[in-house]
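The number in the working numbering is simply the position in the sequence shown, starting from 1, with 8 added. Heads up, the beta-carbon is just placed ideally off N, CA and C, and yes, glycines get one too. See structure below.
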Amino acid sequence: MGATGRPSWKGAPSQPALTPEERTLLSSSVWSNSFDVDTFERFLQSTGMGAANRKNCVRVARRLKDPLQCLQYKRSTLHGKPAAKHFTDFWLGETITVATDFHVLKKQAFVWCPYEDDAGNGWAVNHPFNKLMDFQRHILTQLKESGHVQSTNQGCISRIIPACSASPPPLRKRPVSPSLLHQPPRLAPISKKQKPSHERDPTMYKPPSAGTQLTRYAGICVPLKKYMKSAWGKANKSHWKVIRRWCQTPEGRKYLREDAKLDPDSVHLDHIQDKNSTPVHHAFNCYFMPGGPNSHFKDNSSAEKMAYVGDNAAKISKTFVTWYIEMSTGVDCFKFDVGKATLR
Numbered sequence: 009m010g011a012t013g014r015p016s017w018k019g020a021p022s023q024p025a026l027t028p029e030e031r032t033l034l035s036s037s038v039w040s041n042s043f044d045v046d047t048f049e050r051f052l053q054s055t056g057m058g059a060a061n062r063k064n065c066v067r068v069a070r071r072l073k074d075p076l077q078c079l080q081y082k083r084s085t086l087h088g089k090p091a092a093k094h095f096t097d098f099w100l101g102e103t104i105t106v107a108t109d110f111h112v113l114k115k116q117a118f119v120w121c122p123y124e125d126d127a128g129n130g131w132a133v134n135h136p137f138n139k140l141m142d143f144q145r146h147i148l149t150q151l152k153e154s155g156h157v158q159s160t161n162q163g164c165i166s167r168i169i170p171a172c173s174a175s176p177p178p179l180r181k182r183p184v185s186p187s188l189l190h191q192p193p194r195l196a197p198i199s200k201k202q203k204p205s206h207e208r209d210p211t212m213y214k215p216p217s218a219g220t221q222l223t224r225y226a227g228i229c230v231p232l233k234k235y236m237k238s239a240w241g242k243a244n245k246s247h248w249k250v251i252r253r254w255c256q257t258p259e260g261r262k263y264l265r266e267d268a269k270l271d272p273d274s275v276h277l278d279h280i281q282d283k284n285s286t287p288v289h290h291a292f293n294c295y296f297m298p299g300g301p302n303s304h305f306k307d308n309s310s311a312e313k314m315a316y317v318g319d320n321a322a323k324i325s326k327t328f329v330t331w332y333i334e335m336s337t338g339v340d341c342f343k344f345d346v347g348k349a350t351l352r
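Written out as structure tokens, the structure reads:
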């Protein structure tokens with residue numbers, strides 16, 4: 009089914025639109041310039057939401073909040089039929105706060121990826137954005153009940169929502185006219201003499217510091233190697249899956265967050281050397297990378313990408329891939345000499 013640009017009735021918002029008074033209340037609160045993802049996650053947990061769905065909603069929130077990231081959705085089938093399509097770069101360079109109008113933002117997201125184009129039954133746009141609306145309504149309820157006055161004290165966040173341990177108040181749903189749901193959102197017209205700006209932040213793909221480049225290279229990550237044990241000796245897709253599994257362990261998440269300076273919920277595993285010509289799945293050819301740069305560099309091994317990952321990762325991965333291919337079958341990756349690779 010082709011893109012329609014309009015949400016179906018299934019894409020209805022879960023909450024009524026904000027009133028002018030509610031907008032003023034949010035704008036004058038401590039939440040006007042912030043969005044605490046951890047508090048959002050605790051709120052979702054307090055509603056009894058499943059772990060997998062909660063993780064997806066939190067991932068969407070993190071990407072919307074971070075100007076250097078964006079929403080991406082890649083599908084291979086639709087309604088049981090092949091329909092490969094990659095939706096990219098939604099909300100790149102922007103951010104959100106609790107005062108954001110999520111109704112308007114959801115309409116924009118539906119133009120980017122209509123409900124009918126979502127093979128995940130609403131989990132690309134509809135459900136995550138509705139949960140953002142639910143969270144916003146919960147914050148409003150808390151503000152009203154606490155007799156909120158204007159404040160800039162960040163400590164009041166914990167007083168408004170100490171831990172979201174209790175179930176949130178019942179959420180009211182207001183019927184929405186079906187005719188409204190089929191109206192495309194009104195977008196600002198673009199003059200014939202003007203073109204939409206696609207400029208990216210010039211620092212977005214700037215190589216990280218030399219120390220960070222090293223900590224993001226999986227090939228020399230000691231805790232990862234200890235975790236993988238015998239799996240380190242093989243270079244296959246199963247090896248890649250073990251790396252992903254380690255990234256979600258408490259040890260892996262702490263390493264990514266504190267040492268690699270990455271968000272554990274949105275980190276990507278990048279094949280340093282061209283995946284299309286040399287598909288070698290091993291930590292020596294793996295780099296922990298943010299989503300934006302990973303989407304930009306794709307699967308190639310360009311000079312720009314090599315500068316981004318750093319000399320050590322580029323040199324060792326290239327030497328390893330060459331060595332692995334020359335060894336042909338029955339390769340034991342424990343025998344690869346990293347020391348010699350760095351001296352080349």
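Between which two residues does the beta strand (DSSP E) holding residue i run?
i: Phe48; result: Note, Phe48: premise wrong, no beta strand (DSSP E); alpha helix (DSSP H) at 45-54.
i: Met57; result: Taken as a continuous stretch (DSSP letters only), Met57 belongs to no beta strand (DSSP E), as it is neither H nor E.
i: Phe98; result: 89-98
i: Tyr295; result: 294-297
What is the DSSP secondary structure of residue i, reduced to helix, strand or coil?
i: Lys283; result: coil
i: Ser84; result: strand
i: Val112; result: helix
i: Asp319; result: helix
i: His276; result: strand
i: Ala25; result: coil
i: Val106; result: coil
i: Cys121; result: coil
i: Pro215; result: coil
i: Asp267; result: helix
i: Asp36; result: Looking at the sequence shown, residue 36 is not Asp but Ser. Looking at Ser36 - three-state DSSP - the assignment turns out to be coil, as it is neither helix nor strand.
i: Thr330; result: helix
i: His304; result: helix
i: Phe342; result: helix
i: Ala311; result: helix
i: Met335; result: helix
i: Asn41; result: helix
i: Trp240; result: helix
i: Ala127; result: coil
i: Val288; result: coil
i: Ala20; result: coil
i: Gly347; result: helix
Identify every residue that forms a DSSP beta bridge with residue i.
i: Tyr225; result: Tyr295
i: Leu79; result: Phe98
Name the two residues that bound the continuous alpha helix (DSSP H) containing residue i.
i: His135; result: 134-153
i: Val250; result: 245-255
i: Glu259; result: 258-262
i: Pro231; result: 230-236
Consider the C-beta atom of residue i and the heavy atoms of the ligand ADP; say whether any pair is separated by less than 8 Å.
i: Lys152; result: This structure lacks the ligand ADP; in fact it carries no ligand of any kind.
Can you tell me the Cβ-Cβ gap for residue i and residue j, rounded? I've got them flagged as a contact below 8 Å.
i: Tyr316; j: Pro215; result: 5 Å
i: Gly300; j: Gln77; result: 5 Å
i: His289; j: Trp248; result: 4 Å
i: Ala127; j: Thr85; result: 6 Å
i: Phe296; j: Leu277; result: 7 Å
i: Val106; j: Gln53; result: No, Val106 and Gln53 are not in contact; Cβ-Cβ is about 18 Å, not under 8 Å.
i: His279; j: Asn302; result: Actually they are not in contact, since the Cβ atoms of His279 and Asn302 sit about 10 Å apart, beyond 8 Å.
i: His111; j: Ala25; result: 5 Å
i: Ser310; j: Gln281; result: So it is not a contact: roughly 11 Å between Cβ atoms.
i: Gly318; j: Gln221; result: 3 Å
i: Val45; j: Val66; result: 6 Å
**Asked** Quick check: the stretch 33-42 against the stretch 94-101, are there 3 or more CB pairs under 8 Å?
**Response** Taking a cut-off of 8 Å on C-beta distances, the stretch 33-42 does not touch the stretch 94-101, as fewer than three cross pairs fall below it.
**Prompt:** Is it true that the stretch 312-331 meets the stretch 223-240, where meeting means three or more beta-carbon pairs spaced less than 8 Å apart?
**Reply:** Of all C-beta pairs linking the stretch 312-331 to the stretch 223-240, three or more are shorter than 8 Å, placing the two stretches in contact.
**Asked** Is it true that the stretch 134-149 meets the stretch 59-73, where meeting means three or more beta-carbon pairs spaced less than 8 Å apart?
**Response** Between the stretch 134-149 and the stretch 59-73, the count of C-beta pairs closer than 8 Å reaches three or more; the two stretches touch.
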